[in-house]
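Following: one structure in structure tokens, then a few remarks.
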Amino acid sequence: MNPITTDRMPTPEEALVRIDRVIRDAARARYGADVPNVTFEAPRRPEFGDIATNVAFGLAKAARSAPQQIAQTLIEDAILSRPEIAALVVEAQATAGFINLRLAPQCWQRVVERALHEGARYGEFPRNGTRISLEFGSANPTGPLVVVQGRALSIGATLAAAFDACGYDVFTEWIVNDAGGQVETLARSLYARYRQIADPSFPFPEEGYPGDYLLPIAAALRNEFGARYDDTDESIWLPLFGTRGRDALVAEQQRTVERFGIHYDLWQSERELHETGKVRAGVERLRELGLTYENEGALYFRATQFGDDKDRVLVKSDGKPTYYCADVAYHYEKLKRADRVIDLLGPDHHGYIERLRGLASAFGYAGKLDVAIAQQVTLSRGGEQVAMSKRAGEIVTLDAILDEVGVDAARFFFAMLATDTPLAFDLQLATEQSNENPVYYVQYGHARIASVLRNADAEELRIARRGETLAPLAHASEIALMRRIEEYPRVLQSVANTLSPHRLARFARDIAADFHAFYGECRILCDERDERLARLALASATQHVLANALRVLGVGAPESMERLASS
RNA sequence: GCGCCCGUAGCUCAGCUGGAUAGAGCGCUGCCCUCCGAAGGCAGAGGCCGGGGGUUCGAAUCCCUCCGGGCGCGCCA
């Protein structure tokens, strides 16, 4: 009587393909119409089954009858009257015009099997040979990294890891804006600090960079050079102090980035783009294309031809290139060497998007460049706003945040919200070891699994992990967890396709919640051996998925949570 | 003035190419540790999805318009 003894059940994905086909066939046979826009999706409400489809709505007009009626008929024709399809489905219902299906648990069990077999690689896709250049986080080399860069770093790094998992060849890059006037400002600020060591009354430039972070660099220079530059002309010390300041600050930024668990394939110096002639080459290319003109001594790019609201200056009338000019060259380089170029910019760059897109079009790579904006971050501590003002020198460095909340919490909080949404970051919340804190919730899920698995018999666990003892898994909370595991690869793809890393953070929370619910309802180390082996397998598979998701997010997956003294 | 983003539960936010009675966390109320980690679970209260039009079988989602908040509109970077 049991229909599933010999044949291996298909995975949910395979089952859906089959069901989709028979439904279409049945629709054609019965109504003589093809069905447009069929979707299969997991309904929000569990009582509507695992999978719902809206075919009947698309057919209503051609069939001249009510969706509910059509759904009913299709269930008969496509499912109930075909034993091989009926075997995949435990329940098929027409409600409100939808066809709601519950797949056989055996289909979902195939997912557990796969997650166990693939382990740390579960969710990964085969290499597809597509090269992606991803730029994010870039900052001026004039100070330490601050909060908003933390968000860009977190989002960018998660995107990069998601792209990698989806089979893309990702190349991460950071551009060091070391070519413009701000490096001279840096040089003057640094020089003033250097002089102040010997002469505290030495004036600090009005537009200089305040803050203490230049003091150690100045001290090092004083240590190295003594008074050698005290009475020299600016033309002598300016380039030196600029370069030294840049080098020291970039090195500091790199340390912070590394501490944050992030790696870059390229730190591109803007100055170097000028020195190696790349900037000239980019401008030259635009000129060849007939997209530049001169006006009042300046060289313009015809940006308006590509949707921008005004033409943009490339070379100023004093002969110096603009910042945009260097970006022209840089993007020309990137567009040539990658199949797709993505820039993740800060909130003050809205006005820059059209200009960059226009460039891609101008160079003949329309549509290959995507620009995303990471919205601003406001900080609070226990509900109290934390003041941040660059002018007043009240900067909150990323390092200070990492000191306060730790890398895991910072990575998670920064990536938790949609990139477009401004982030209100409560530092106190992020450090709380309470259930208010989503990071701990997710990590606790992982640790809790680890703890159960430690309690299990080692030999039984080994057997369970072969994925051959899954048959008993059928409880609602077990199905829910298996469904979630099945979702993971698609979540990764949607993160990559829509540049939305927050979906992964959300997924991590969701699968942790599904596990906690399962844990509450089903005792894993139960008395009955078959059930125990099945649940150990499910717990183990869940642990892999949770660990994989956390790895992409750059958050640790601990084997146990350290309990601090709780009050 | 123009452009971009945001407006969804008391708070912080999800809601994927339009789908069913709009979800989650926190906070609030009440339960659950003789049992694998209670940093957990279960149940409950709480919402004209900023307002108004339109498109359609069906709109938080798409279009128009208005209101409210943030940001950007340099021969700065």
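Sequential numbering from 162 applies to the first sequence in our numbering.
All C-beta atoms, glycine included, are put in the ideal place defined by N, C-alpha and C.
It should be emphasised that the depicted structure is a prediction, and the values quoted were computed from it without experimental measurement.
For the beta strand (DSSP E) containing residue i, name the first residue and the last one.
{"i": "L505", "result": "R501 to L506"}
{"i": "V251", "result": "V250 to T256"}
{"i": "T333", "result": "D330 to V337"}
{"i": "D469", "result": "Per DSSP, D469 belongs to no beta strand (DSSP E) and is neither H nor E."}
{"i": "V532", "result": "L530 to I534"}
{"i": "L540", "result": "V538 to R542"}
{"i": "Y454", "result": "T453 to N456"}
{"i": "R448", "result": "It is not in any beta strand (DSSP E) - R448 instead sits in the alpha helix (DSSP H) that spans K439 to E449."}
{"i": "E494", "result": "First-last for E494: Y484 to R498, but that is the alpha helix (DSSP H), not the beta strand (DSSP E)."}
For residue i, which residues from the same chain have a beta carbon less than 6 Å from its beta carbon, with the 5 sequence-adjacent residues on both sides left out?
{"i": "A227", "result": "none"}
{"i": "D181", "result": "none"}
{"i": "I316", "result": "A535, A576, T580 and P662"}
{"i": "H636", "result": "C683"}
From what residue to what residue does the alpha helix (DSSP H) around residue i run?
{"i": "A459", "result": "Unbroken run through A459 is the beta strand (DSSP E), A459 to F462; no alpha helix (DSSP H)."}
{"i": "A585", "result": "Unbroken run through A585 is the beta strand (DSSP E), L584 to D587; no alpha helix (DSSP H)."}
{"i": "L642", "result": "A637 to T659"}
{"i": "Y192", "result": "P173 to Y192"}
{"i": "I397", "result": "E395 to R420"}
{"i": "E621", "result": "A619 to A625"}
{"i": "A318", "result": "V308 to A326"}
{"i": "R206", "result": "It is not in any alpha helix (DSSP H) - R206 carries neither H nor E in the DSSP assignment."}
{"i": "S350", "result": "G342 to A359"}
{"i": "R432", "result": "E431 to E436"}
{"i": "I556", "result": "It is not in any alpha helix (DSSP H) - I556 carries neither H nor E in the DSSP assignment."}
{"i": "A213", "result": "Element bounds for A213: not the alpha helix (DSSP H) but the beta strand (DSSP E), I212 to T214."}
{"i": "N261", "result": "Careful: N261 lies outside any alpha helix (DSSP H), inside the beta strand (DSSP E) at F259 to L264."}
{"i": "E515", "result": "I514 to A523"}
{"i": "E245", "result": "P244 to A247"}
Just to check my reading of the structure: residue i and residue j have Cβ atoms closer than 8 Å, yes? What is that Cβ distance to the nearest angstrom?
{"i": "D391", "j": "E334", "result": "Between E334 and D391 the Cβ distance is about 39 Å, and since that is not below 8 Å, they are no contact."}
{"i": "F324", "j": "A657", "result": "5 Å"}
{"i": "G328", "j": "N261", "result": "Actually they are not in contact, since the Cβ atoms of G328 and N261 sit about 33 Å apart, beyond 8 Å."}
{"i": "V196", "j": "R185", "result": "6 Å"}
{"i": "A265", "j": "M170", "result": "6 Å"}
{"i": "L714", "j": "T417", "result": "The Cβ separation is near 18 Å, so there is no contact."}
{"i": "A499", "j": "S294", "result": "4 Å"}
{"i": "Y602", "j": "R670", "result": "7 Å"}
{"i": "A625", "j": "L697", "result": "4 Å"}
{"i": "F679", "j": "S638", "result": "4 Å"}
{"i": "P314", "j": "I423", "result": "Here residue 314 is Leu; the residue named in the question, Pro, does not match the sequence. The pair is a contact, with the Cβ atoms about 6 Å apart (cut-off 8 Å)."}
{"i": "T630", "j": "L530", "result": "Going by Cβ atoms, the distance from T630 to L530 rounds to 50 Å, so no, they are not a contact pair."}
{"i": "A570", "j": "T592", "result": "7 Å"}
{"i": "G258", "j": "A213", "result": "Contact flag wrong, Cβ pair sits at about 10 Å."}
Determine the burial state of residue i: buried for a count of at least 16 other Cβ atoms within 10 Å of its Cβ, exposed for fewer.
{"i": "H705", "result": "buried"}
{"i": "Y526", "result": "buried"}
{"i": "H492", "result": "buried"}
{"i": "I397", "result": "exposed"}
{"i": "N756", "result": "This structure gives no information on residue 756, because the portion of the chain shown stretches from 162 to 728."}
{"i": "Q466", "result": "exposed"}
{"i": "G311", "result": "buried"}
{"i": "Q414", "result": "buried"}
{"i": "S728", "result": "Below a pLDDT of 50, predicted positions are generally treated as unreliable, and S728, at 30, falls in that range; the measurement from the model is reported next regardless. Classification for S728: exposed."}
{"i": "D564", "result": "exposed"}
{"i": "E720", "result": "exposed"}
{"i": "N384", "result": "exposed"}
{"i": "D360", "result": "exposed"}
Which same chain residues, not among the five before or five after residue i, have their C-beta less than 7 Å away from its C-beta?
{"i": "K439", "result": "A490 and E494"}
{"i": "A702", "result": "V273, A276, L277 and I646"}
{"i": "N163", "result": "Confidence in N163 is poor, its pLDDT being 45 and thus under 50, which makes the residue's placement unreliable; the coordinate value appears in the next sentence. Around N163: no qualifying Cβ."}
{"i": "R516", "result": "A464, D469, R473 and Y485"}
{"i": "A379", "result": "L351, R354, Y355 and I358"}
{"i": "L220", "result": "A188, Y192, A194, V196 and I231"}
{"i": "I236", "result": "A253, A255 and I260"}
{"i": "A176", "result": "L249, L264 and C268"}
{"i": "G280", "result": "H705"}
{"i": "A617", "result": "L686 and L697"}
If you drop the 5 nearest sequence neighbours on each side, which residues of the same chain put their C-beta closer than 8 Å to that of residue i?
{"i": "I672", "result": "G606, L642, R645, I646, Y649, T703, V706, L707 and A710"}
{"i": "T453", "result": "V444, L447, L460, Y461, F462, R463 and L475"}
{"i": "R420", "result": "D560, L563 and V568"}
{"i": "R609", "result": "F676, H677 and Y680"}
{"i": "V566", "result": "F574, L588, A591 and T592"}
Taking 8 Å as the cut-off, does the segment 427-434 touch the segment 323-340 (at least 3 CB pairs, one atom from each stretch)?
Yes, the segment 323-340 is in contact with the segment 427-434.
Decide if the segment 496-513 is in contact with the segment 525-537; the criterion is three or more beta carbon pairs, one per stretch, under 8 Å apart.
Because the criterion of three Cβ pairs below 8 Å is met, the segment 496-513 and the segment 525-537 touch.
Count Cβ pairs between the segment 296-307 and the segment 455-474 that sit closer than 8 Å; are there 3 or more?
These segments do not touch.
Counting pairs of beta carbons, one from the segment 398-417 and one from the segment 341-359, are three or more of them closer than 8 Å?
Because the criterion of three Cβ pairs below 8 Å is met, the segment 398-417 and the segment 341-359 touch.
Below 8 Å, can you find three or more Cβ-Cβ pairs linking the segment 237-248 to the segment 673-693?
No, because fewer than three Cβ pairs between the segment 237-248 and the segment 673-693 fall closer than 8 Å, the two stretches do not touch.
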